[in-house]
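Everything on this sheet refers to the single structure shown next.
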Amino acid sequence: MAMIIDGRRIAKEINESLKAKVENFINKYKIIPKLAVVIAGGDPASLFYVKMIAKSCERASIDFEKHSLPSETTEEELLKLIDNLNKNKKVSGIIVQVPLPKHINQERIQEAVNPSKDVDCFTPINMGRLAFGKPEFLPCTPYAVYELMKRENIVVEGKHTVIVGRSNIVGRPMALILLQKKQYANATLTVCHSRTNDLSHYTRQADILIAAVGKPEIIKRDMVKEGAVIIDVGTNEVEGKLVGDVAYEEVLDKASVITPVPGGVGPITNIMLMQNTLKAAEKLVVSE
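Have a look at this one:
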């Protein structure tokens, strides 16, 4: 039977440490770190996620500022708001919640965020820094996976790690993080995606399998190596329930370590966003 990693426990531990750091920062500089979240339209999943961010900010003693815009907001209006937030010295970090309305160029909007305030690590500059092994910030979900493996002492070096998914949010930056020359990285990597022929050929070779493709329970029992470490990043709603990309019950007695959905990587992700916001606030103080 696999060891089940409790992401909620890890998130609570990190938050306790983070809250102390935030309070020390506030006492030292008389500045409260602030996260500004921009949301255009009423996408239910986005609204729910923003609500979770607000709660995480409250738990970490970080100020939260929401900018809700109607779905008919123009691209120029959104760019003007981002420019104002970039210039606002009281704002430490900025997130533009996606998806945006279809008439807005998402790439152009994300590129407009000041890289020093890009706590989601979506700008090309910050992704480029990550690719060169000198990141300003780490993208929150891959950061959560890395932190989870570090705290659970999951050795990556010398192991064959297979990532299923190549999105700019998880798969691609996850690969870049695990390729870095540092502890709990130095991975030997295979990245699979929608055009990969015979996916199971690769997943069966994985000592560490990271599933981040957004397809419910696509990873079945016969696709997993005996004793593999399985990190399930997927969150999919099926018949009113959240399930991952891995058929959890099927692989539970075959894996050595596994993260559940919900309660695995998810709770840690927002805490990493708080970590990045504090880091941005610290850099802002130093630069003045």
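Going left to right, the sequence shown walks through residues 1075 to 1362 as this note's numbering numbers them.
Every residue, glycine too, gets a C-beta built ideally from N, C-alpha and C.
Treat the numbers as computed from the prediction; the structure is a model and nothing was measured.
> Quick one, are the C-beta atoms of Leu1222 and Ile1342 less than 8 Å apart?
Replying inline: yes
Leu1253 to Ile1199, Cα distance in whole Å? 19 Å
| Where do the N-terminal and C-terminal ends of the beta strand (DSSP E) with Ala1114 fall, by residue? | Lys1108 to Ala1114
### Message
Nearest by alpha-carbon distance to Ser1145: which of Val1193, Leu1155, Ala1302 and Ile1113 is it?
### Response
Ile1113
Exercise for the section: Going by DSSP, name the residue or residues bridged to Lys1140. Expected result: Val1111
Please go through the same chain and pick out, in chain order, the residues whose beta-carbon is closer than 7 Å to the beta-carbon of Lys1357, but skip the five residues on each side of it. Ser1190
key: Whether Gly1338 touches Ile1127 by CB criterion (8 Å)   = no
(request) Give the DSSP bridge partners of Ile1282, in chain order. (result) Thr1235 and Val1303
**Asked** What are the boundary residues of the alpha helix (DSSP H) that includes Gly1337?
**Response** Careful: Gly1337 lies outside any alpha helix (DSSP H) and carries neither H nor E.
From the DSSP secondary-structure annotation, give me the bridge partner or partners of Gly1167.
Leu1109
Review point. According to the neighbour-count rule (16 or more other Cβ atoms, all chains shown, within 10 Å of its Cβ), is Glu1210 buried or exposed?
Key: buried
Classify Leu1347 as buried or exposed, calling it buried when 16 or more other Cβ atoms lie within 10 Å of its own Cβ.
buried
If we ignore side chains and look at the alpha-carbon of each, how far apart do Thr1148 and Ala1085 end up? 37 Å
Q. Does the Cβ of Gln1349 have 16 or more other Cβ atoms within 10 Å, making it buried, or fewer, making it exposed?
A. buried
Requested in this report: Reducing DSSP to helix, strand and coil, say where Met1348 ends up.
Outcome: helix
- Item | C-alpha distance - Ile1243 paired with Arg1203, whole-angstrom precision | 15 Å
Cα-Cα separation, Val1298 to Tyr1103: 50 Å
Can you tell me which of Ile1136, Lys1164, Gln1180 and Ala1134 puts its alpha carbon nearest to the alpha carbon of Leu1153?
Gln1180
query: Measuring CA to CA, which of Val1287, Lys1256, Gly1207 and Tyr1258 is closest to Arg1269?
result: Val1287
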